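Peer 1: This structure is in structure tokens; I'll ask about it shortly.
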Amino acid sequence: MPRTVLTFGTFDVFHVGHLRVIERAATYGDRLVVGVSSDALNQSKKGRQPVFSQAERLAIVGALKPVSEVFVEESLELKRHYIEQFGADVLVMGDDWEGRFDEFRDVCEVVYLPRTPAISTTALIEKISDLA
Numbered sequence: 096m097p098r099t100v101l102t103f104g105t106f107d108v109f110h111v112g113h114l115r116v117i118e119r120a121a122t123y124g125d126r127l128v129v130g131v132s133s134d135a136l137n138q139s140k141k142g143r144q145p146v147f148s149q150a151e152r153l154a155i156v157g158a159l160k161p162v163s164e165v166f167v168e169e170s171l172e173l174k175r176h177y178i179e180q181f182g183a184d185v186l187v188m189g190d191d192w193e194g195r196f197d198e199f200r201d202v203c204e205v206v207y208l209p210r211t212p213a214i215s216t217t218a219l220i221e222k223i224s225d226l227a
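Counting from 1 along the sequence shown, just add 95 to a position and that's the residue number in the numbering used here.
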């Protein structure tokens, strides 16, 4: 029986950490579905607009070989809905969210992956700003 894996992220200023989490998430199943945070959701989570637009981020993530499907994540509160909508067998999140999604273990496996050390979108944006 094919397994569907679901993961989420903003994926702004796409970097190797993003690539690694997508590659590792894909190993948990046969089909990887990725929710890309909407511009509005990113604004509410991080207090800033993404550098790349929602459409650009969807295009970048959707072009990756391990990704079967992308969609816009409108709200953090809709995780259960997205799990059910896409028939996810596994929810994969970065370990910075450790324990936050354990409530979904009743409908799917929940896996927290370690983040790639020494890289973050915020740090990259700050570094680029310092160079300007």
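Note that CB positions come from ideal geometry on N, CA and C, so glycine has one too.
Here the structure is a predicted model, which is why all the values come from computation and not from measurement.
1. Find the nearest neighbour of Leu136 within the set Val128, Pro145, Thr122, judged by alpha-carbon distance.
2. Give me whichever residues DSSP pairs with Leu186 in a beta bridge.
3. Can you give the beta carbon distance from Tyr123 to Val205, rounded, assuming they're within the 8 Å contact cut?
4. With which residues is Arg152 paired in a DSSP beta bridge?
5. Which of helix, strand or coil does DSSP assign to Arg126?
6. Can you tell me which of the three DSSP states Glu164 falls into?
7. Between the alpha carbons of Ser139 and Glu172, how many angstroms are there, rounded?
8. Any contact of the stretch 147 to 166 with the stretch 104 to 113, i.e. 3+ C-beta pairs under 8 Å?
9. Thinking just about the alpha-carbon of each residue, which of Phe109, Thr211, Ile117 is nearest to the one in Lys160?
10. Helix, strand or coil for Val146, going by three-state DSSP, please let me know.
Peer 2: Considering the structure as presented:
1. For Leu136, the nearest C-alpha among the options comes from Pro145.
2. Answer by DSSP bridge pairing, in chain order: Leu101, Val205.
3. Between Tyr123 and Val205 a beta carbon distance of about 11 Å is seen, past the 8 Å cut, so the two are scored as non-contacting.
4. DSSP, once it has assigned bridges, lists no residue as partnering Arg152.
5. Looking at Arg126 - three-state DSSP - the assignment turns out to be strand.
6. Reduced to three states, the DSSP call for Glu164 is strand.
7. If you draw a straight line from the Cα of Ser139 to the Cα of Glu172, it comes to about 13 Å.
8. Touching, yes, given that three or more Cβ pairs across the two stretches are closer than 8 Å.
9. The option with the nearest alpha carbon to Lys160 is Ile117.
10. Val146 falls in the coil class under three-state DSSP.
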